[in-house]
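Before any comments, here is the structure.
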């Protein structure tokens, strides 16, 4: 029987149903730790390290959205940040917890969909997302922006790493309409500097650039097929 739409949340859930169910996909994705996947390295993003080492982002309370196996949360905890890290995949969080325990780090890992996350009056000095946003469907984009707006302190910073449009790691060049025509994000949506700046136009753009390529010996993650952005809430 066809169900009726009674409110905005019903509409979002209906549109969700046109796309793959994410929890099973990501649990399966992270289940084989030996796969040759760039983000499986236990090394932080080069842009994130640059924000911290240059003093742009001082130690404070941070929220990581879609933390995966925890490589960036671990780096931030090591730098003295108080870290909350959210992911919908229990498989990836189990891996992240193992990594954190190996280094005797305290990180508050939260197993939930980011759209179910509430900051409960806690606001963050810094919010970071490496690889979550480009898997967000168009109809959830405003909800994502609301998370940033509601959870970030005034003068706080938001950092992001996402697929560059047409990049070799992903970054499909399709319109929002095509997402629903095909029922797929085609592996993840690609963004340009201009589009990323426009999506987060409620924030001040501090820096938007391609990621810098890094090799294993650098103990950093970096791939120039990704786009990075740093914004501030004014």
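In the working numbering, the protein residues as written are 34 to 267.
Beta carbons: idealized from backbone N, C-alpha and C, even for Gly.
Simplified DSSP state of residue i, which is helix, strand or coil
i	result
residue 251	helix
residue 144	strand
residue 94	strand
residue 227	helix
residue 174	helix
Test item: CB-CB of residue i and residue j under 8 Å
i	j	result
residue 77	residue 121	no
residue 129	residue 112	no
residue 198	residue 206	yes
residue 218	residue 256	no
residue 119	residue 153	no
residue 147	residue 99	yes
residue 90	residue 190	yes
residue 64	residue 124	yes
residue 117	residue 81	no
residue 222	residue 167	yes
residue 260	residue 195	yes
residue 216	residue 52	yes
residue 180	residue 150	yes
Close Cβ partners of residue i (< 6 Å) along its chain, the five nearest in sequence each way excluded
i	result
residue 233	264
residue 258	197, 200, 201 and 202
residue 176	148
residue 1	Summary: the structure shown does not reach residue 1, with the chain confined to residues 34 through 267, and so no result is reported for it.
residue 262	193, 229 and 241
residue 59	122
residue 126	120, 142 and 144
For residue i, the residue or residues it bridges with in DSSP
i	result
residue 162	98 and 193
residue 265	190 and 237
residue 157	185
residue 222	205
residue 214	Answer by DSSP bridge pairing: none, since residue 214 is not bridged.
residue 259	196
Sequence-distant residues of its chain with Cβ nearer than 8 Å to residue i (five each side left out)
i	result
residue 246	255, 256 and 257
residue 132	75, 102, 103, 104 and 107
residue 157	93, 94, 95, 96, 117, 184, 185, 186 and 189
residue 41	none
residue 182	235 and 266
Nonlocal neighbours in the same chain, by C-beta distance under 7 Å from residue i, ignoring five residues either side
i	result
residue 84	90, 192 and 263
Report the residue ranges of all beta strand (DSSP E) runs contained in full by the segment 50–137; include only those spanning at least 3 residues, in chain order. If we require 3 residues or more, the beta strand (DSSP E) runs fully inside the segment 50–137 come out as 94–98 and 115–120.
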